[in-house]
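First to last, the protein sequences are chains A and B. Take 24 as the starting number for the first sequence in our numbering and just add one per residue. Take 7 as the starting number for the second sequence in our numbering and just add one per residue. Idealized CB from N, CA, C, for every residue including glycine. See below for the structure under consideration.
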Amino acid sequence: PSSRRFDGEKLYRLKPENEVHVGIIKDLANRIEIDFWKPGSAELVTPKSEVDIHVSASHSSLVATLLQQSGMEHEVLIADLQAAVEKQFDSKER
Amino acid sequence: STMTYNYEKYNTWQNIEAWMSSITAENPTLVSRSVIGTTYEGRKMHLLKLGRRSSSTKPAIFMDCGIHAREWISPAFCQWFVKEAVSTYGSDATMTSLLNNMDVYVLPVFNIDGYDYTWKRNRMWRKTRSRASSSCYGTDPNRNFDAGWCTTGASSNPCSDTYCGSKPESEVEVKAVADFIRQNRSIIKAYITIHSYSQLLLFPYSYTTALVENHSELLEVARQAAKALTSLYGTKYTSGPGATTIYPAAGGSDDWAYDLGVKYSYTFELRDTGRYGFLLPESQIRPTCQETMLAVKYIASYVQNNP
């Protein structure tokens with residue numbers, strides 16, 4: 024129903040181990056637009072926490088490359104946000 | 007009629023508003039409705055009061071849902087709670103005792119403008135829709151309460167998702183809720199706010215790592231409530247003070263309510279732990295609400311028995 028579409032946008036889970044990793048995340052947030060799902064903003068990121076970030080389709084390859092180079096543990100939780108938006112309406116009634 | 011209302015779907019604000027009207031009309035002895043304010047975009051903030059009518063003033067619990075616009079499972083739970091209250095009153099001993107002896111104020115959607123915006127424009131919107139003195143819209147209502155306002159974990163940048171606003175209670179929605187709780191401070195014994203996601207049951211403080219005076223009691227009640235929740239489907243919850251259990255965040259509603267004197271103040275972060283995040287499928291509304299009911303009823307029962 025929402026007019027804004029999320030095709031190809033991804034939700035990453037990052038697991039920063041140390042302050043270097045935290046710095047990478049904060050630097051990334053300064054360079055590109057990142058929607059923080061958990062915690063609510065880059066300032067709240069700490070080592071040994073789980074960080075869920077929503078990244079636009081156009082920036083996802085850059086983010087993937089940077090994460091690969093950083094050695095930070097990470098995974099893709101949602102590969103296509105638009106598909107997840109649509110799948111939330113999965114009740115039998117609909 | 008609420009007979010055809012579907013609690014296992016996500017409902018638009020328009021549907022929720024009509025549902026509030028219907029459920030009040032259909033349950034006049036148990037449900038009443040008032041307007042506590044108007045949103046930035048002019049929508050009425052309806053508050054439901056659940057409880058058997060009494061000639062004397064009863065102690066009360068205040069519960070809100072939907073502070074953050076994109077957390078759709080939260081308003082779904084408030085609707086579920088009201089449905090359960092009216093349908094199990096008279097048959098469920100805990101609910102009957104609760105509504106005979108206390109009133110429960112339910113604000114089904116706190117951030118109504120934001121919620122409506124997530125349906126019509128941007129599913130991932132989080133804040134209110136007020137216009138800051140910049141090109142950016144919105145304030146995080148859960149950073150706008152007067153509890154360590156705009157210090158740790160909140161942003162003074164209007165474009166940030168955690169923008170604290172121009173001053174405490176700058177958001178009309180926050181002020182409306184704060185005014186209502188202040189005006190009814192003497193009767194409100196517990197404050198419960200429903201968020202998503204992460205499966206947490208939190209209590210003050212979030213704006214400092216200091217422990218509250220009744221920390222041990224709040225922790226034990228939280229653990230027992232979480233245990234009740236887990237008993238249904240095995241969903242694991244973590245309990246503790248916000249600042250040390252997740253992260254420091256100033257300006258939160260639970261901290262504010264606690265400092266006002268509401269000594270039982272809890273924040274739920276409902277399902278899940280990240281598989282779906284804010285996009286929890288509708289098929290999970292029922293189990294999520296069923297298990298959450300057990301925890302909320304445990305807390306309510308504890309408060310009722312420990313005035």
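| Query | Result |
| --- | --- |
| At a Cβ cut of 9 Å, what residues of the segment 228-251 of chain B count as close to chain A, listed as they run along the chain? | none |
| Which term fits B:V268, buried or exposed, when burial requires 16 or more other beta carbons within 10 angstroms of its beta carbon? | buried |
| Can you look up B:K269 in the DSSP assignment and give me helix, strand or coil? | coil |
| Report the residue ranges of all beta strand (DSSP E) runs contained in full by the segment 164-210 of chain B; include only those spanning at least 3 residues, in chain order. | 194-202 and 206-209 |
| Can you pull out the residues from the segment 97-126 of chain B whose beta carbon lies closer than 7 Å to at least one beta carbon of chain A? | T124, W125 and K126 |
| Applying a beta-carbon distance threshold of less than 7 Å, which residues of chain A neighbour B:D167? | F59, G63 and S64 |
| How big is the Cα-Cα spacing for B:W155 and B:L105? | 35 Å |
| Any beta carbon from chain B within less than 8 Å of A:K110's own beta carbon? | yes |
| In or out: B:A165 buried (at least 16 other Cβ within 10 Å) or exposed? | One point to set straight first is that residue 165 of chain B is Cys, not Ala, in the sequence displayed. With fewer than 16 Cβ atoms within 10 Å of its Cβ, B:C165 is classed as exposed. |
| If I measure Cβ to Cβ from B:L224 and keep anything under 6 Å in the same chain, skipping five residues before and after, which residues do I get? | F209 |
| Which bits of chain B does A:D50 rub up against, with CB to CB less than 9 Å? | By Cβ distance, chain B contributes nothing, its closest Cβ being about 16 Å from A:D50, past 9 Å. |
| Would you identify the three-state DSSP class for B:W125, choosing helix, strand or coil? | helix |
| Which term fits A:V43, buried or exposed, when burial requires 16 or more other beta carbons within 10 angstroms of its beta carbon? | exposed |
| How many whole angstroms separate the CB atoms of B:P147 and B:N128, which I take to be in contact at a CB cut-off of 8 Å? | Going by Cβ atoms, the distance from B:P147 to B:N128 rounds to 17 Å, so no, they are not a contact pair. |
| For the segment 74-85 of chain A, which residues have a CB atom closer than 9 Å to at least one CB atom of chain B, in sequence order? | D75 and H77 |
| Along chain A, in chain order, which residues have C-beta atoms closer than 7 Å to that of B:Y197? | Those within 7 Å of B:Y197 in chain A number zero; the least Cβ separation is about 20 Å. |
| Closer than 8 Å between beta carbons: that is the criterion. Which residues of the segment 272-296 of chain B meet it against chain A? | G280, R281, Y282, G283, F284, L285, L286, P287, E288, S289 and I291 |
| Please identify the residue among B:Y143, B:S62, B:T294 and B:T244 whose C-alpha is closest to the C-alpha of B:Y272. | B:T244 |
| If we ignore side chains and look at the alpha-carbon of each, how far apart do B:N311 and A:A80 end up? | 53 Å |
| Compare the C-beta of B:Y95 against all C-beta atoms of chain A and say whether one is closer than 8 Å. | no |
| Strictly by DSSP, which residues pair up with B:S40? | B:L53 |
| Considering only DSSP beta bridges, list what B:T244 is partnered with. | B:L206 |
| Consult DSSP for B:A66 and reduce its assignment to one of helix, strand or coil. | strand |
| When DSSP labels each residue in this structure, what does B:E47 get in the three-state scheme? | coil |
| Name the two residues that bound the continuous alpha helix (DSSP H) containing A:D50. | E42 to R54 |
| Taking the alpha carbon of A:S25 as the point to measure from, which residue in A:D113, A:V108 and A:K115 has its own alpha carbon closest? | A:V108 |
| For chain A, find out if any of its Cβ atoms is closer than 8 Å to the Cβ of B:R135; answer yes or no. | no |
| Check the Cβ-Cβ distances between B:Y253 and every residue of chain A, and say whether any is below 8 Å. | yes |
| When you compare only the Cα positions, how much space is there between A:V45 and B:T157? | 20 Å |
| So which residues of chain B does A:T88 contact, with C-beta pairs closer than 9 Å? | Under the 9 Å cutoff, chain B gives no residues; its nearest Cβ is about 23 Å from A:T88. |
| In chain order, what residues of the same chain lie with their CB nearer than 7 Å to the CB of B:D185, ignoring the 5 residues before and after it? | none |
| Can you say whether B:A99 is buried or exposed, counting buried as having 16 or more other CB atoms within 10 angstroms of its CB? | exposed |
| Using a 10 Å radius around the Cβ and a threshold of 16 neighbouring Cβ atoms, would you call B:V180 buried or exposed? | buried |
| Looking at the C-beta of B:R49, does it have a partner C-beta in chain A at a distance below 8 Å? | no |
| I want to verify the contact list: residues of chain A whose CB lies under 7 Å from the CB of B:M130, in sequence order. | D58 and H77 |
| If we define contact as Cβ-Cβ less than 8 Å, is A:R54 a contact residue for chain B? | no |
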